[in-house]
Amino acid sequence: MNVNDVPRLFRPHRLRMYSMIMPASFVRLRFCGALLLCAASIAFVVGAEAAESSAKVAAAAGTPDAVKHGELVFHGNYCGIGNRSGAEPIDALDVACMHHDACTPSGGIPSCACNAKLVEEAGAIVQDTTQSSELKALASLTGTAAAAGMVGCTPTAVSAPEAGVIASPGPLDPVLPLRP
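Following numbering that gives the first Met the number 0, the numbering of the sequence shown begins with 0 at its first residue and continues without gaps.
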């Protein structure tokens, strides 16, 4: 069989893609392909872990005991779904989470004021120079998650006594009752 007998499409050294790409570029292309393959496999593993985690959350939602005993706590004794009530907080972030849990109605969704307080306390931990960088990073993540929980909050009208007008606070401002 002669090389000329094979259709041009099936001759690897004559493929248009290879003829346009320099050898160094081809190596980079293969490296990028391998990198994308690795990224896809990592994404698959992370997705599988996320599915397992969401299955735990779904199971905990149906069984109050799982939440009650703090199986979904991600830091200390109070940060996460549920808590290990009665246990001492392990650090400043755990104290902030304990305050948030105390503010949240049992089995309910945290109010905007509860989330705002957690954002404020987590921000103070991030600014504290005596805290470790790991705790600061976790506090930043916790504060961001609490702020994300405030997306659905609606501003409430509060009075501005010195101006004599009704103002609408920002998402992190405390909600005050109207004065008569």
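Don't be surprised by glycine CBs; every beta carbon is placed ideally from N, CA and C.
- Message: Pull the bridge partners of isoleucine 80 from the DSSP assignment, please.
- Response: Leu71.
- Task: Taking only the alpha-carbon atoms, compute the straight-line gap between leucine 117 and alanine 86 and give it to the nearest angstrom.
- Result: Straight-line Cα distance between these residues: approximately 19 Å.
- Message: So, does the stretch 119–137 touch the stretch 90–103, judging by three or more C-beta pairs under 8 Å?
- Response: Yes: at least three Cβ pairs fall under 8 Å.
- Task: Report, in whole angstroms, the separation of the C-beta atoms of methionine 149 and cysteine 102, which I expect to be a contact under 8 Å.
- Result: Not quite, the Cβ-Cβ distance comes to about 13 Å (not below 8 Å), so this is no contact.
- By how many angstroms is the C-alpha of leucine 71 removed from the C-alpha of glycine 79? Whole-angstrom Cα-Cα distance: 6 Å.
- Task: Spatial neighbours of alanine 136 within its chain, please: CB distance less than 6 Å, with the 5 preceding and 5 following residues excluded, ordered by chain position.
- Result: Hits under 6 Å: none found.
- Task: Determine the closest residue to serine 139 out of Cys152, Cys113, Gly81 and Ile124, with distance taken between C-alpha atoms.
- Result: Among Cys152, Cys113, Gly81 and Ile124, the Cα nearest to that of serine 139 is on Ile124.
- Message: In the DSSP assignment, the alpha helix (DSSP H) including isoleucine 124 goes from what residue to what residue?
- Response: Per DSSP, isoleucine 124 belongs to the alpha helix (DSSP H) from 111–126.
- Task: Could you work out which residue in Thr128, Gly107 and Cys113 is closest to alanine 147 when comparing CA atoms only?
- Result: When Thr128, Gly107 and Cys113 are compared, the shortest CA-CA separation from alanine 147 is found for Cys113.
- Task: Please list, in chain order, all residues of the same chain as phenylalanine 73 whose beta carbon is under 6 Å from its beta carbon, the five residues on each side excluded.
- Result: The answer, listed in chain order, is Gly79.
- Query: Going by beta carbon distance, what residues of the same chain come within less than 6 Å of glutamine 130, once the five residues before and after it are set aside?
  - Reply: The beta carbon of glutamine 130 is closer than 6 Å to those of Ile124 in its chain, skipping five residues each way along the sequence.
- Kindly indicate the opening and closing residues of the alpha helix (DSSP H) around serine 132. It spans 132–147 - the alpha helix (DSSP H) in which serine 132 sits, taken as one unbroken run.
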